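Report on the following structure.
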Amino acid sequence: MALKIFIFSILIISTIFYFVPIENSKYSKNKEDIPQVIFENPTMYTLNDIGVSKVVIASNVLRYKTKDEMYLANITLKNQDKTKDFISENIKADKIEKRGSIFDFIDNVKYVRDDFVKVDTDFLKYDEIKKIATNSHPFKASYKTHNYKGTNLYLDATNDFIKSKNTHFEIDLKENKGK
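In numbering that gives the first Met the number 0, the protein residues as written are 0 to 178.
Written out as structure tokens, the structure is:
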């Protein structure tokens, strides 16, 4: 009698477990972390009515539902404003995360405007619409032959305005002597 009850209870338990759905908790938690599209060694162009406004070159690009990730990326922004006296801006980083119009440049960030403005830092947040770059990390910058160091960078590319905290300037006086 005990054997019949034991076998009957195993049959009922196995039937219950057969119809109960089992979720893979690892998969369901990371469902948003699965890339929808992966590009290897892409070159991407953004075109408008004037011409090419942005060129992106990267080793890998992962497109997720809510963000894009680029690795070993180089973004070139072409000047579209005739009143500005530069040709292009170039931003390189080991990793770039893009959410909407906000770019997060992470590790070995190098910002260059033509040959006269350079900024080196480990992190830079850039708003593509407002054209404002900010960070809370130390940075090194140069304008022509003048050096500029500090933290908490705020760079407004539209109004050519820059400010920071803990600032240190090194002005090259030899450049202006002959003028």
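Ideal Cβ placement from N, Cα and C applies to all residues, glycine included.
Keep in mind the model is a prediction, meaning the values are calculated, not measured.
{"Asked": "For residue 15 and residue 3, the rounded distance between their alpha carbons", "Found": "18 Å"}
{"Asked": "Sequence-distant residues of the same chain with beta carbon closer than 6 Å to residue 55, five excluded per side", "Found": "43, 74"}
{"Asked": "Under 9 Å between C-beta atoms of residue 117 and residue 141", "Found": "yes"}
{"Asked": "Beta-carbon gap between residue 111 and residue 123 smaller than 9 Å", "Found": "no"}
{"Asked": "Span of the alpha helix (DSSP H) around residue 14", "Found": "1-18"}
{"Asked": "Endpoints, the beta strand (DSSP E) within which residue 84 is located", "Found": "Segment: none, residue 84 is in no beta strand (DSSP E) and carries neither H nor E."}
{"Asked": "For residue 183, the residue or residues it bridges with in DSSP", "Found": "There is simply no residue 183 to check, as the chain begins at 0 and stops at 178 in what is shown."}
{"Asked": "Segment contact flag, the region 35-42 with the region 50-67, C-beta cutoff 8 Å, min 3 pairs", "Found": "yes"}
{"Asked": "Length at least 3, wholly inside the region 23-69: the beta strand (DSSP E) runs in chain order", "Found": "36-39, 42-46, 51-56, 59-62"}
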